[in-house]
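Novice:
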Amino acid sequence: MKAPYLITDANRLADSFTTLPEAESQPVVIMISGLPGTGKSYFCRRLAERLPFLILESDALRKQLFTSPTYAADESAYLFRTTYQLIEDLLKKGIPVILDATNLEERHRERLYNIAERLKARLILVNVQAPIELVEKRLKKRADNKNNQDNSDADWAVYQKMRMTAEKIKRRHFTVDTSRDITPVIDKVVREAKR
Ligand SMILES: Nc1ncnc2c1ncn2[C@@H]1O[C@H](COP(=O)(O)OP(=O)(O)OP(=O)(O)O)[C@@H](O)[C@H]1O
Ligand SMILES: [Mg+2]
Numbered sequence: 789m790k791a792p793y794l795i796t797d798a799n800r801l802a803d804s805f806t807t808l809p810e811a812e813s814q815p816v817v818i819m820i821s822g823l824p825g826t827g828k829s830y831f832c833r834r835l836a837e838r839l840p841f842l843i844l845e846s847d848a849l850r851k852q853l854f855t856s857p858t859y860a861a862d863e864s865a866y867l868f869r870t871t872y873q874l875i876e877d878l879l880k881k882g883i884p885v886i887l888d889a890t891n892l893e894e895r896h897r898e899r900l901y902n903i904a905e906r907l908k909a910r911l912i913l914v915n916v917q918a919p920i921e922l923v924e925k926r927l928k929k930r931a932d933n934k935n936n937q938d939n940s941d942a943d944w945a946v947y948q949k950m951r952m953t954a955e956k957i958k959r960r961h962f963t964v965d966t967s968r969d970i971t972p973v974i975d976k977v978v979r980e981a982k983r
């Protein structure tokens, strides 16, 4: 049985969206994965300019659920259970969504694979990558610019730690290297989503 506060929190997050993309009969769900600073959020924003998607950015949701996030394991576990509940509710209504989160471990990704299968939603996987030297530059710039609009607090130390936990995606997926022009991959994902 799901804890009642989890349902309440998922509903509270759902109520915070002021505009939603139009419902579809078989909605697409896009799962983004990649280490901090690789350019996931940037990619999602560019993609959502091309096709109407609701972006669920894990760090933004975390800050709505927890006013002073600790990034502790139990906090992340609760965040993801709530996020998956929210995705399920949105897909049931036909709303196309993008999950913008690191999604580094297969056992975490599998939860979304299962939801998509059960709800007959179309799942598209995108792995976002960037050369380590570029990520280091981006994350050091982020740390120097504390007043930015960035929802993520991940820094270079977090990147180095998370790098050890990243697992290869076993399913068919798109890969984008954000040190290069991302438009060709955006085009491919758009084409796949429109099929
Ligand atoms: N394709 C790109 N071209 C130019 N700059 C980019 C590109 N992708 C990302 N950046 C820049 O790199 C920085 C990190 O990108 P972004 O915030 O999208 O990473 P992220 O993967 O979402 O990180 P996190 O996991 O910490 O949320 C940002 O300043 C962003 O503007
Ligand atoms: Mg991000």
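The sequence shown begins at 789 in the numbering used here and counts up by one.
Here a beta-carbon is modelled for each residue, glycine too, at the ideal position from N, C-alpha and C.
All of these numbers come straight from a predicted model, not from anything done at the bench.
Along the chain, where does the beta strand (DSSP E) containing Met819 start, and where does it finish?
Specialist: Looking at the DSSP string, the run of the beta strand (DSSP E) that includes Met819 is Val816 to Ser821.
Novice: Using alpha carbons as the reference points, say which of Met950, Lys982 and Lys958 lies closest to Thr826.
Specialist: The residue with the shortest Cα to Cα distance from Thr826 is Met950.
Novice: Over the uninterrupted beta strand (DSSP E) stretch that includes Thr963, give me the two end residues.
Specialist: From DSSP, the beta strand (DSSP E) with Thr963 extends over Phe962 to Asp965.
Novice: Check for me: the beta strand (DSSP E) holding Ile970 runs from which residue to which?
Specialist: Premise fails: Ile970 is in no beta strand (DSSP E) and is neither H nor E.
Novice: Return the CA-CA distance between Gly822 and Thr971, expressed in angstroms with no decimal places.
Specialist: Distance between the alpha carbons of Gly822 and Thr971: 18 Å.
Novice: Looking at C-alpha atoms only, which residue of Ile903, Ala802, His961 and Pro824 is the closest neighbour of Lys925?
Specialist: With distances taken between Cα atoms, Lys925 lies closest to Pro824.
Novice: Going by other Cβ atoms of all chains shown within 10 Å of its Cβ, with 16 needed for buried, is Lys880 buried or exposed?
Specialist: Exposed: under 16 other Cβ atoms inside 10 Å.
Novice: Among Tyr901, Asp797, Phe805 and Val817, which one has its Cα closest to the Cα of Leu839?
Specialist: Among Tyr901, Asp797, Phe805 and Val817, the Cα nearest to that of Leu839 is on Val817.
Novice: Tell me whether Ser829 counts as near ligand 1, meaning its Cβ is closer than 7 Å to at least one heavy atom of that ligand.
Specialist: Indeed, a heavy atom of ligand 1 lies less than 7 Å from the Cβ.
Novice: Exposed or buried, what is Ala861 when buried is set at 16 or more other beta-carbons lying within 10 Å of its beta-carbon?
Specialist: Flag for Ala861 reads exposed.
Novice: So, with DSSP's three-state summary, where would you put Glu845?
Specialist: Glu845 falls in the strand class under three-state DSSP.
Novice: Alpha carbon to alpha carbon, what distance is there between Tyr901 and Thr807?
Specialist: The straight-line gap from Cα to Cα measures roughly 26 Å.
Novice: Along the chain, where does the alpha helix (DSSP H) that runs through Ile875 open and close?
Specialist: Start and end: Ala861 to Lys880.
Novice: Between the region 950–965 and the region 902–921, are three or more C-beta pairs nearer than 8 Å?
Specialist: Taking 8 Å as the limit for Cβ pairs, the verdict is that the region 902–921 does touch the region 950–965.
Novice: What does a CB cutoff of less than 7 Å around Pro919 pick up in its chain, not counting 5 residues either side in sequence?
Specialist: Excluding positions up to five away in sequence, the list reads Ser967.
Novice: Would you say the beta carbon of Asp742 comes nearer than 7 Å to a heavy atom of ligand 2?
Specialist: Coverage of the chain is limited to positions 789 through 983, which leaves residue 742 absent and any answer about it impossible.
Novice: Taking Cβ positions, are Leu907 and Ala798 nearer each other than 8 Å?
Specialist: Contact: no.
Novice: Could you check if Met952 is buried or exposed, using at least 16 other CB atoms within 10 Å of its CB as the buried criterion?
Specialist: Label assigned to Met952: exposed.
Novice: How big is the Cα-Cα spacing for Asp803 and Tyr859?
Specialist: Cα-Cα distance, rounded: 24 Å.
Novice: Is there at least one non-hydrogen atom of ligand 1 closer than 7 Å to the beta-carbon of Val973?
Specialist: The answer is no for Val973.
Novice: Can you name the residues that DSSP bridges to Asp803?
Specialist: Answer by DSSP bridge pairing: none, since Asp803 is not bridged.
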